[in-house]
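This report concerns only the one structure given below.
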Amino acid sequence: MRKLPAALCLLALATSAGAETMRCGSKLVSVGDRSFEVLQKCGEPVSRDLIGYTLGSYDQRDYKIEEWVYGPNNGMFRILTFEGNRLKSIEIRRDH
């Protein structure tokens, strides 16, 4: 059985579709963090987009859904999705 080099294994993990944490310098951001905490730790994103709203009862708008983009950093973009000012997901994509 042939073993893959450690660097190749780390690259495979880094390019996964989603992550639970993201490093901003020496600080960590995690799913569940508030938007102001992410701003304090990571600074202003290069892009902020309003995606839409969650729908509550009677199709009433409940929470704002936003995507924040950080990067590129080492050829990677980090796309953070917020729902109601809480970080819901972290997506990592390679710069094409």
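If you read the sequence shown in the working numbering, its first letter stands for residue 2, the second for the next number, and so on. Even glycine gets a Cβ: it sits at the ideal position worked out from N, Cα and C.
Runs of 4 residues minimum, wholly inside the segment 11–90: which ones carry the alpha helix (DSSP H) assignment? You should have 36–43.
According to the Cβ coordinates, are residue 84 and residue 55 closer than 9 Å? Less than 9 Å divides the Cβ of residue 84 from the Cβ of residue 55.
Among residues of its own chain, excluding the 5 on either side of residue 69, which ones have a beta-carbon nearer than 6 Å to its beta-carbon? Excluding sequence neighbours, residue 69 sits near 46, 49, 81.
Alpha carbons only, please: which of 23, 57, 60 is nearest the one belonging to residue 43? Ranking 23, 57, 60 by Cα distance to residue 43 puts 23 first.
Contact check, residue 39 vs residue 90, beta carbons under 9 Å: In this structure, residue 39 sits away from residue 90, with a CB-CB distance that is not shorter than 9 Å.
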